[in-house]
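Reviewing the structure listed below.
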Amino acid sequence: MDRRGVKLRKRFLRGALPVVRLLPLPTAARIVSGIGRFEHRWNAGLRLRFDEAVERGGRILGCDWDVPAVSNRLAGNHILWRSRDLLLDVASDERALAMFDVQGREHLDAARALGKGCIVLTSHFGAHMLPAHWLYRNDYPLRLYMERPRSLSRYMASRFEREGPLSQDKLFISRKGGPTDSASSILRAAKVLKSNLMLFLAGDVRWTGQLTAEARFMDRTLRFSTTWIALGAMTQAPIVPVFCRMGEDSRYHMEFRPHFVLPRDAQEEAKAGGHVQAFLDLLQEEIRRHPADSNEYLFWEDEEAAA
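According to the numbering used here, the stretch in the sequence shown is residues 18 to 324, in order.
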């Protein structure tokens with residue numbers, strides 16, 4: 018959801034974060050999210066939009082959420098979400114990694130042990146770029162397969178500058194690319210997996226054209242990219258879903274789920290939609306449990322109405 022003053026807020030955060038990061042990082046996170054919560058309390062129009070979105074989302078998902086409380090915390094988490102991993106742009110690995118509470122690392126390592134590469138299947142839920150930051154800090158051989166993200170830490174951006182046939186810079190994709198660009202980017206991504214590297218991509222990307230399928234999400238039928246399905250079916254690389262949220266302790270609570278391997282025919286048009294739906298069902302369950310980490314999902318309907 019677009020907010021007035023987003024660009025101004027981003028400039029303010031970029032200026033303030035170097036100072037805020039001098040504090041204990043959980044305290045810094047509370048200060049950053051506090052900007053959004055303060056704005057929510059004092060901007061009646063903004064508060065109404067958030068309240069309406071949360072009420073509508075709870076109704077769709079059959080949840081009895083405390084609308085004012087969820088709405089206020091969601092507004093705070095929006096600021097953290099927009100700041101990506103800038104809060105962790107610190108030199109100390111120990112200091113950055115202390116911000117994470119990680120469950121299921123054994124699932125990730127079991128998938129890696131198969132020696133077939135690994136697809137880390139993410140989404141735009143919660144602190145969605147932070148799993149990549151954690152993986153880099155732990156020296157996993159990671160590549161991102163997505164549009165080039167903005168407003169990232171210098172720490173992560175430095176990982177994009179490495180050269181070679183499987184370098185990160187060659188794996189960023191664009192919505193403006195044609196079928197030829199799409200095919201060549203998928204082949205490069207497949208080479209990454211066949212080289213026993215890891216690929217980080219999202220399973221909730223709304224897309225049009227080839228390699229898409231319809232699925233139900235938040236009570237609407239939408240088209241989603243099936244690139245992750247094509248890559249999984251083509252390479253037989255294990256797929257590990259990951260979800261990351263901001264906890265009550267202002268630390269990142271990250272969970273890796275058990276891996277699965279798609280059948281080779283999963284990318285067929287008649288079957289791809291079922292695999293998309295299975296992942297979106299997992300995502301909707303996370304939203305039910307942690308609505309304050311739902312980011313833009315509750316506003317998608319407003320966004321499409323304004324288009």
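Cβ atoms here follow ideal geometry from the backbone N, Cα and C, with glycine treated the same way.
From a predicted model like this one, the values you see are computed outputs, not experimental measurements.
query: Beta-carbon proximity list for ARG20, same chain, < 6 Å, skipping 5 on both sides; result: Residue placement at ARG20 cannot be trusted, given a pLDDT of 48 that sits under 50; the coordinates are not used to answer.
query: Touching by the beta-carbon criterion (3+ pairs, under 8 Å), the segment 62-69 and the segment 291-300; result: no
query: Through-space distance from GLY79 to HIS57, alpha-carbon basis; result: 25 Å
query: Inter-stretch contact (C-beta, 8 Å, three-pair minimum) for the segment 116-129 and the segment 178-190; result: no
query: Complete runs of the beta strand (DSSP E) confined to the segment 100-160 [at least 3 residues]; result: 117-120, 135-139
query: Rounded C-alpha distance that separates MET251 from ARG192; result: 22 Å
query: Short Cβ contact (8 Å threshold) for ILE346 with ALA289; result: In this structure the chain extends from 18 to 324, so residue 346 is not present and cannot be described.
query: ALA219 in three-state terms, based on DSSP; result: strand
query: DSSP three-state assignment for ARG281, whether helix, strand or coil; result: coil
query: Straight-line gap, ASP266 to LEU152 (C-alpha atoms, nearest Å); result: 21 Å
query: One or two residues paired with CYS348 in a DSSP bridge; result: Only positions 18 to 324 of the chain appear in the structure, and residue 348 is not among them; the question remains open.
query: Selection from ILE48, GLY134, ARG90 that minimises the alpha carbon distance to PHE277; result: GLY134
query: Three-state secondary structure (DSSP) of LEU47; result: Per the sequence shown, the amino acid found at residue 47 is Arg instead of Leu. Note: ARG47 maps to helix in three-state DSSP.
query: Alpha-carbon spacing of ARG31 relative to LEU40, whole angstroms; result: 16 Å
query: Reduced DSSP category for LEU188 - H, G, I as helix; E, B as strand; rest coil; result: coil
query: Option in ASP221, VAL222, ILE77, PHE189 with minimal Cα separation from ALA206; result: PHE189
query: Under the three-state DSSP convention, the category LEU91 falls into; result: helix
query: ARG38 - containing beta strand (DSSP E), residue span; result: Here ARG38 belongs to no beta strand (DSSP E), and DSSP marks it neither H nor E.
query: Close beta carbons around PRO308, own chain, < 6 Å, minus the five adjacent residues each side; result: TRP82, VAL87
query: Backbone secondary structure at LEU34 - three-state DSSP; result: helix
query: DSSP state of PHE241 mapped onto helix, strand, coil; result: strand
query: Spatial distance of GLY93 from THR244 (CA atoms); result: 32 Å
query: ILE136 beta carbon less than 8 Å from that of LEU218; result: yes
query: Same chain only: Cβ atoms within 7 Å of ARG176, ignoring 5 sequence neighbours per side; result: TYR153, GLN185
query: Outcome for ALA61 when other beta-carbon atoms lying within 10 angstroms are tallied against a minimum of 16; result: exposed
query: Coarse secondary structure for THR229, derived from DSSP in three states; result: strand
query: Stretch-stretch touch, CB-based, cutoff 8 Å, three pairs: the segment 211-225 with the segment 268-275; result: no
query: Buried or exposed (CB count within 10 angstroms, at least 16 for buried), ARG262; result: buried
query: Residue span of the alpha helix (DSSP H) that contains GLY357, given as start and end; result: Absent from the structure is residue 357, since the part of the chain shown begins at 18 and ends at 324.
query: DSSP-derived helix/strand/coil call for PHE234; result: strand
query: Proximity test, GLY74 beta-carbon vs the ligand MG heavy atom, cut-off 7 Å; result: Among the components of this structure there are no ligands whatsoever, and the ligand MG is therefore not found.
query: Candidates ILE48, GLY132, GLY220, LEU279, of which the one nearest SER212 by Cα; result: GLY132
query: Distance, ALA144 Cα to TRP98 Cα; result: 6 Å
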